[in-house]
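The next block holds one structure in the form of structure tokens; read it before the comments.
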Amino acid sequence: MNDLSTPLSPDSNATVQRKPDWIRVKAPVSREYGATRDLMRGLGLNTVCEEAACPNIGECWTKKHATVMILGDVCTRACAFCNVKTGMPRKVDVNEPAHVAEAAAKLGLEHIVITSVDRDDLPDGGAGQFVKVINELRRTTPNTTIEILTPDFRNKMRPAIEAIVAAGPDVYNHNLETVPRLYPTIRPGARYYASLRLLEEVKAHNPLIFTKSGIMLGLGEQRLEVHQVMDDMRSAQIDFLTMGQYLRPTPKHAEVKEFVTPAAFNAYGAIARAKGFLQVAASPLTRSSYHAGKDFAEMRAAREAKLAKAAQAKVGAKG
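Take 33 as the starting number for the sequence shown in this note's numbering and just add one per residue.
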């Protein structure tokens, strides 16, 4: 990702806004990073780490943590924040589920995150491929916990959710990305309340599946708008909220309106925890799958503690 971001004003193209020190990262150079890259290349797998130009790729791949992006590397939508290519995708790779499972086994993953491009061209929006990947992982690496990050399955949401939930992922993630006011410019192909309904549907079908969603900060959102998104998420029973700094991939993408300070992220995180999320990750470098395995373990422990406390209170009330 470039070290330079957007001009400070439309009239001042010579003046550029530099990234603050708190979001600068070192270039990936480790041997483990190279091994992870070579494995993904060898199996013909795409990763959102590369396609979305994630700033954490060096750290994550050094730890052999990679987020696999299924259904190709070409998206049928063109969101203003996303670096993934837009166009007409290729045919779905029938060997992809087996290759994902092989990668999980070779990397020794305890937790894997699977995402995808939008595939509005497919009758099921790509839900069937998610099911096949989950099933193959369960067969090949049964001890690996599975987190999926899906698109909204526009006009195909209910059957897609039914099929995927039946396959039994441990975590179902779908990102709201930003506040409702900014959807027309930042996420024009999606609808805010449709995304909320998707996550509600997951809980309605299986309350035991953890649900997760995230937003980017720095796109021009207001503080109270972010608080309202938190409330909307809690109304939809979302368990886990992630908040990270938006970084502009190229000059063609939406500009960075603000670099939100670590202190401001900490304040948002404190408010989110007070609103009742089981797990919150809020920092400039937070991304949907950053430290996902560790966060999942903590979220599962938080739920168990909450259930134990409720059971104890119930026994106390009877006594």
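In this text, a Cβ means the ideal position worked out from N, Cα and C, and glycines have one as well.
For V100, the uninterrupted beta strand (DSSP E) segment begins and ends at V100 to I102.
Leaving aside the five residues that flank P201 on each side, the residues in its chain whose CB is nearer than 7 angstroms to its CB run, in chain order, I166, I178, E179, I180 and I241.
For Q344, the enclosing alpha helix (DSSP H) begins and ends at A324 to K350. V312 is a Cβ neighbour of R305, given a cutoff of 9 angstroms. In the structure shown, the three-state DSSP call for Y278 is coil.
Listed in chain order, the non-local C-beta contacts of M189 below 6 angstroms within the same chain comprise L230, local neighbours out to five positions each way being set aside. A straight line joining the alpha-carbon of H259 with that of N127 spans about 43 angstroms. Rounded to whole angstroms, P220 and V261 show a C-alpha spacing of 18 angstroms. DSSP, read as helix, strand or coil, puts H143 in strand. Around the beta carbon of V347, fewer than 16 other beta carbons lie within 10 angstroms, which makes this residue exposed.
Burial is judged here by how many other beta carbons sit within 10 angstroms of a residue's own beta carbon; R151 has at least 16 and is buried. Secondary structure note for Q260: its alpha helix (DSSP H) is the uninterrupted segment R255 to S267. Look at the beta carbons and you see the region 66-76 not touching the region 116-124: under three pairs across the two are nearer than 8 angstroms.
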